[in-house]
Amino acid sequence: MDNTVYNIKNMRNKFLKSYHKADYAKAQQCGENLIEYYKKNKLTHLPEYVSDLYNLACAYNENGIYEKAGELYRSAEENISFVLSRGMTVPGVGIADIYNNLGVVNAKLHRFDTALKYFRKSYARYREDASSSTKDYSAVCYNLGSVYKTLHRFGEAVQSYARSLNARQEKDIAYADNLFNLGICYVENKDVEIGLDYMNKALPIYKEISSDPSEHISALGVYASVLYRTGRYEKALESYSSLIRILKESKNLAQPFFANTLSHLADCYAKLDMPETGIDLKKKALAMIKKHLGPNHIFYSGCLSELGELYLHTRELDKAAALYSEALEIRIRILGIDNEECLGYIQTLAGIYSAMQLYKKAEDLLNYALSNLSPSNRSYTNIVLWLIKLYMETENGDGLNRAYLLFNKVHPEKSFDEMLDMAEDIDLDIR
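Take the sequence shown: its position 157, counting from 1, is numbered 157 in our numbering, and each next residue is one higher.
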């Protein structure tokens, strides 16, 4: 028995040495050998077996092999129940730890309902066990909040994040993450001012203690986007301007993220009735995106349309039309004409042509879309109605008759007059 104990300790030390060096593949091999040794010697009833089984699961977890990790955690769950039923304890591992890690691997595998079940079990155990650490309790509360957030159950997420935050003391990255995510959930739960306040409190923590500046950069970018999304354009402008300064200092000028930030800053200026400034910034962003991603990238296409939208704001329709046309060509090549965003671009571009009184170009564009779409496509009817409204405005009777045949494919139950009534509600004005 002494020799067996020695062998187990020796094999465990090899496992731990590899694990702590982050050589997870070697740790997995050592751990599998150790578990097999337990089984061969019929020692799986020992508390140490559960501990080593759990640690092996952690090695697979750290290496991103989540299915295998989950399988081992479940085995540890079964074995710890047997050990606990005999009045023994497992060194370094509790049932709450196993539940928490089962929650983690299921979340990684996007099985969020299952993850939620395990995190709740872990939370209940930590609540019952007075000897459990505050850090472990806080972590499982945070994990619970994150799953609720993913499931868009923001009210429950707020409660879990708040419990986690109340249990935290050290103002480290975990504390900042907790503050920030709590803020996001408040915003999503329509308590915008409270949410923004929490997010804002997290920013200096990211800035001061993070050895990785990307933590602060990412958080500031999200904060600015929430300000913009909730209509706080002046504050969003301030935040995006700060982000630009940070990116310049970190010499990330050539990065697509910088270009994207510059593009968002342009949008802020446009919302604050300074479209000319916005146009200049958007052009710079567009040039950077073209240089680093190429002219056939979906991101470049999006920036083209955004610049086109700014030109619509200044009523420079010819420039807007050229930009939307180029953006549409790229999107069709990448996504296909039946893509919802492509169809949206087609309708916008048709509206621009109509505003420029280029009715034939608008007609040809809409007919081109319809000839490449199945009547079952949900945008088909809307595009037909755009075409009908165009014919109504240009008093084109023959066109209306042709359009009715297209309309009738989708709505055979509706009359010609009913079709005209539906088209009346379509607004071709792109302002």
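Beta carbons: idealized from backbone N, C-alpha and C, even for Gly.
Just so it is clear, the structure is predicted and the values come from calculations on it, not from any experiment.
Exercise. Just how far apart, CA to CA, sit E424 and K389?
Worked result: 7 Å
Exercise. Okay, do the segment 270–277 and the segment 288–295 touch, 3+ Cβ pairs below 8 Å being the bar?
Worked result: no
For this session: Give a yes or no on whether the minimum CB-CB distance between R153 and chain D is below 9 Å.
Result: In the structure shown, chain D does not exist; there is a single protein chain.
Problem set entry | Coarse secondary structure for D445, derived from DSSP in three states | Missing from the structure shown is residue 445; the chain here goes from 1 to 431 and no further.
Exercise. To the nearest angstrom, how far is it from the Cα of I383 to the Cα of S354?
Worked result: 14 Å
Exercise. Which runs of the beta strand (DSSP E) spanning at least 3 residues fall entirely within the segment 198–222, listed in chain order?
Worked result: none
Exercise. What three-state label does DSSP hand V105 in the structure shown?
Worked result: helix
Exercise. Which same chain residues, not among the five before or five after T150, have their C-beta less than 7 Å away from its C-beta?
Worked result: F112
Problem set entry | Cβ-based neighbour list, V192, same chain, cut-off 8 Å, excluding 5 preceding and 5 following | Y186, T230
Exercise. What do you reckon, are the CB atoms on L312 and I352 nearer than 9 Å?
Worked result: yes
For this session: Write down every uninterrupted run of the alpha helix (DSSP H) in the segment 350–404 whose length is 4 residues or greater and which is fully enclosed by it, in chain order.
Result: 359–371, 380–393
For this session: Tell me whether E77 is buried or exposed, calling it buried when 16 or more other Cβ atoms sit within 10 Å of its Cβ.
Result: buried
For this session: With DSSP as the reference, label P47 as helix, strand or coil.
Result: helix
Exercise. Going straight from the alpha carbon of I209 to that of L220, what length do you get?
Worked result: 15 Å
Exercise. Around the C-beta of P47, are 16 or more other C-beta atoms found within 10 angstroms, so that it is buried, or is it exposed?
Worked result: buried
Exercise. For P295, which of helix, strand or coil comes out of DSSP?
Worked result: coil
Exercise. Can you tell me whether G278 is buried or exposed, with buried defined as 16 or more other CB within 10 angstroms of its CB?
Worked result: buried
Problem set entry | Stretch-stretch touch, CB-based, cutoff 8 Å, three pairs: the segment 412–423 with the segment 389–404 | yes
For this session: Report yes or no: do the segment 166–174 and the segment 196–203 share at least 3 C-beta pairs separated by less than 8 Å?
Result: no
Exercise. To which residues of the same chain is Y391 closer than 7 Å at the C-beta, ignoring the five residues directly before and after it?
Worked result: G399, L400, A403
Exercise. Where do the N-terminal and C-terminal ends of the alpha helix (DSSP H) with N178 fall, by residue?
Worked result: 173–188
Exercise. Going along the chain, which residues of its own chain have a beta-carbon closer than 6 Å to the beta-carbon of A321, five neighbours each way excluded?
Worked result: I352
For this session: Taking 9 Å as the cut-off, decide whether the C-beta atoms of D267 and Y228 are in contact.
Result: yes
For this session: Flag this pair as touching only if the segment 81–97 and the segment 106–120 have three or more C-beta atom pairs under 8 Å; answer yes or no.
Result: no
For this session: Rounded to whole angstroms, what's the CA-CA distance from E329 to L317? Just pull it up for me.
Result: 18 Å
Exercise. In three-state terms, what does DSSP make of P91?
Worked result: coil
Problem set entry | Where D191 sits in the DSSP three-state scheme | coil
Exercise. Is there contact between the segment 63–82 and the segment 36–43, where contact requires at least three CB pairs shorter than 8 Å?
Worked result: no
Exercise. Exposed or buried, what is N143 when buried is set at 16 or more other beta-carbons lying within 10 Å of its beta-carbon?
Worked result: buried
For this session: With a cut-off of 8 Å on the beta carbons, I'd call A285 and L262 a contact; round off their distance for me.
Result: 4 Å
Exercise. L34 and D52 look like a contact to me (Cβ under 8 Å); what is the Cβ gap, rounded to whole Å?
Worked result: 6 Å
For this session: For I246, I'd like the list of residues in its chain whose CB is within less than 8 Å of its CB, leaving aside the five on either flank, ordered along the chain.
Result: P213, H216, I217, L220
Exercise. In three-state DSSP terms, what is K414?
Worked result: coil
Exercise. Are the beta-carbon atoms belonging to G145 and N181 less than 9 Å from one another?
Worked result: yes
Problem set entry | Same chain only: Cβ atoms within 6 Å of I334, ignoring 5 sequence neighbours per side | I298
Exercise. Do S379 and L373 come within 9 Å of each other at the CB atom, strictly closer than that value?
Worked result: yes
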